[in-house]
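*Asks:*
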Amino acid sequence: MSGLSLSEADSYAASVVQERIPRTVFSLCCGAALGISGALMQAVTRNPLADPSILGVNTGAALFVVFGMAFLGINSQSQYIWLALVGAMLTALFVYGIGSLGRAGATPLKLVLAGAATSAALSSIVSAIILPRTNVMDQFRFWQVGSVGSGSWQSIMIFLPFLIVGIVIAIMSASSLNALALGDEVASGQGVRIGVLRLIAAFAGVILCGAATALAGPIGFIGLLSTHLVRLLLGPDLRLIIPFSAMTGAIILTVSDVSGRLLGSPGELEVGVVTAFVGAPILIMLAVRMKVRSL
């Protein structure tokens with residue numbers, strides 16, 4: 037800053053306020069939402085590999101956003117968000133239903149496989165919609181890799197109501213989810229209404245994931261990374277995991293965004309690329325450590 041004139045310094049400061057600060061705040065909000073969403077999905081499914089990206093929820097949200105772009109003429113974030121929520125909810129229900137088939141029920145590996153298959157199928161539909169439509173492809177191609185670069189104060193204000201609702205539901209559900217972790221019979225014995233609890237907690241996880249996906253694109257592995265790191269340090273108590281997963285997710289996403297800008301200079305690597313590069317090997321490592329064999 038010492039080599040800048042006063043007017044240049046003022047211009048630089050204005051640029052920081054207008055671009056960097058809202059981008060950072062937006063990144064923190066999205067990371068917190070994805071961290072909590074991952075914690076809730078792992079608790080509801082009792083699946084340590086559950087994450088919005090792994091279960092195909094992100095792709096479901098993306099499909100509905102693309103549908104809105106191509107056939108409904110939607111091009112604003114306030115409209116994206118509702119389509120993304122519907123897509124995320126329907127995909128979550130479908131994946132859990134498919135993963136629950138068979139005598140063993142919804143085992144971790146079956147849910148991951150159902151999510152991967154669903155994600156692949158939905159991705160092919162997305163490609164089929166956008167390839168013949170150049171205008172939709174131009175609009176979609178940067179969004180699909182996941183980025184917080186479009187974060188603005190307007191984006192934050194659109195996102196905040198969903199973030200607050202999700203956080204409140206997650207915190208209020210934490211104690212009951214602790215009982216659910218001990219098994220359905222134990223939870224029922226403690227007066228927990230299992231079906232209602234799963235529905236409410238899953239709803240919170242989906243709205244957090246869907247809102248973040250609508251505004252920032254499908255960013256993967258944040259929920260998986262943050263929740264496992266917090267669980268490793270603080271143990272299995274969801275009353276601690278949920279708030280600290282929010283903090284950890286916010287930090288991981290923001291650090292990934294900064295890293296992408298530094299590594300891709302003078303351009304930038306989209307944050308979704310950075311998180312996938314880090315998260316995919318960790319997912320493989322966790323799957324190997326768990327030695328999941330049941331199908």
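Numbering-wise (my numbering), the sequence shown opens with residue 37 and increments by one.
Beta carbons are placed, not taken as given, at the ideal position from N, Cα and C, and that holds for glycine.
Rounded to a whole number of angstroms, what is the C-alpha to C-alpha distance between Thr311 and Arg229?
*Replies:* Roughly 36 Å separates the two Cα atoms.
*Asks:* Is it true that the CB of Phe257 sits closer than 9 Å to the CB of Ile318?
*Replies:* A contact, by the Cβ cut-off of 9 Å.
*Asks:* Where are the alpha helix (DSSP H) runs, 4 residues long or more, that stay fully inside the segment 213-290, in chain order?
*Replies:* Listed in chain order, they are 220-225, 230-252 and 258-270.
*Asks:* Ser211: which of Lys146, Ile277 and Gly74 sits nearest, CA to CA?
*Replies:* Cα-wise, what sits closest to Ser211 is Ile277.
*Asks:* Please check the pair Ser183 and Glu55, which I expect to be a contact at CB under 8 Å, by giving their CB distance rounded to whole angstroms.
*Replies:* Incorrect: roughly 14 Å between the Cβ atoms, too far for contact.
*Asks:* Taking the alpha helix (DSSP H) that Gly133 falls in, what are its first and last residues?
*Replies:* Per DSSP, Gly133 belongs to the alpha helix (DSSP H) from Gln113 to Gly135.
*Asks:* For the candidate residues Ser73, Phe313, Leu119 and Arg234, whose alpha-carbon lies nearest to that of Gly296?
*Replies:* It is Phe313 whose Cα lies nearest to the Cα of Gly296.
*Asks:* For Gly92, which residues of its own chain have a beta-carbon under 6 Å away from its beta-carbon, when the five flanking residues on both sides are left out?
*Replies:* Excluding positions up to five away in sequence, the list reads Thr127, Val131, Gly151, Thr154 and Ser155.
*Asks:* Does the Cβ of Ala86 have 16 or more other Cβ atoms within 10 Å, making it buried, or fewer, making it exposed?
*Replies:* So Ala86 ends up on the buried side.
*Asks:* To the nearest angstrom, how far is it from the Cα of Ile236 to the Cα of Pro302?
*Replies:* The alpha-carbon atoms of Ile236 and Pro302 are separated by roughly 45 Å.
*Asks:* Mind reading off the beta-carbon distance from Leu158 to Thr81? Whole number of angstroms is fine, and I expect it under 8 Å.
*Replies:* Wrong, their Cβ atoms sit about 19 Å apart, outside the cutoff.
*Asks:* What does the alpha-carbon distance come out to for the pair Gly74 and Gly241?
*Replies:* One C-alpha to the other measures close to 7 Å.
*Asks:* Going along the chain, which unbroken runs of the alpha helix (DSSP H) with 4 or more residues stay wholly within the segment 56-118?
*Replies:* Complete alpha helix (DSSP H) runs here, min 4: 57-81 and 93-103.
*Asks:* Less than 6 Å between C-beta atoms, sequence neighbours within five positions excluded: which residues of the same chain meet that for Ala238?
*Replies:* Counting only Cβ-Cβ distances below 6 Å, and skipping sequence neighbours, we find Val80.
*Asks:* Which runs of the alpha helix (DSSP H) at least 4 residues long sit entirely within the segment 170-208? Give them in chain order.
*Replies:* With a minimum length of 4 residues, the continuous alpha helix (DSSP H) runs that stay inside the segment 170-208 are 170-176.
*Asks:* Return helix, strand or coil for Ser295, following the three-state DSSP convention.
*Replies:* Reduced to three states, the DSSP call for Ser295 is helix.
*Asks:* Considering only the beta carbon of each residue, do Met198 and Ala286 sit closer than 9 Å?
*Replies:* The amino acid at residue 198 is misidentified as Met; the sequence shows Phe. Not in contact: Phe198 and Ala286 (Cβ atoms no closer than 9 Å).
*Asks:* Can the beta-carbon of Val148 be found less than 9 Å from the beta-carbon of Thr249?
*Replies:* Taking 9 Å as the Cβ cut-off, Val148 and Thr249 do not qualify as a contacting pair.
*Asks:* Just verifying my parser: in three-state terms, what is the DSSP assignment at Gly303?
*Replies:* Correct three-state label for Gly303: coil.
*Asks:* Using CA coordinates, which residue listed in Val294, Phe107 and Ile90 is at the minimum distance from Leu261?
*Replies:* Closest by alpha carbon: Ile90.
*Asks:* Less than 9 Å separating the beta-carbons of Ser281 and Ile72?
*Replies:* For Ser281 and Ile72, yes; Cβs fall inside 9 Å.
*Asks:* Are the CB atoms of Cys65 and Leu196 within a distance shorter than 9 Å?
*Replies:* Result yes, Cβ atoms of Leu196 and Cys65 sit closer than 9 Å.
*Asks:* Roughly how many whole angstroms lie between the Cα atoms of Ile192 and Arg267?
*Replies:* Approximately 29 Å between the Cα atoms of the pair.
*Asks:* Is Trp179 buried or exposed, if buried means 16 or more other CB atoms sit within 10 Å of its CB?
*Replies:* Burial call: buried.
*Asks:* State yes or no: is the C-beta of Gly259 within less than 9 Å of the C-beta of Met77?
*Replies:* Result yes, Cβ atoms of Gly259 and Met77 sit closer than 9 Å.
*Asks:* Going straight from the alpha carbon of Asn171 to that of Ala97, what length do you get?
*Replies:* Cα to Cα, Asn171 sits roughly 20 Å from Ala97.
*Asks:* Considering only the alpha carbon of each residue, which of Leu274, Gly300, Pro279 and Gln113 lies closest to Ser186?
*Replies:* Cα-wise, what sits closest to Ser186 is Gln113.
*Asks:* Give me the residue from Ile134, Leu216 and Ser160 with the minimum Cα distance to Pro272.
*Replies:* Of Ile134, Leu216 and Ser160, the residue nearest in Cα terms is Leu216.
*Asks:* Quick test of your reading: Val162 and Leu251, contact by CB under 8 Å. State the CB separation rounded to the nearest angstrom.
*Replies:* That belief does not hold up - the Cβ atoms of Val162 and Leu251 are roughly 18 Å apart, past 8 Å.
*Asks:* Distance cutoff 9 Å, beta carbons only. Does Tyr132 sit that close to anything in chain D?
*Replies:* Given the protein chain composition of this structure (a single chain), no chain D is represented.
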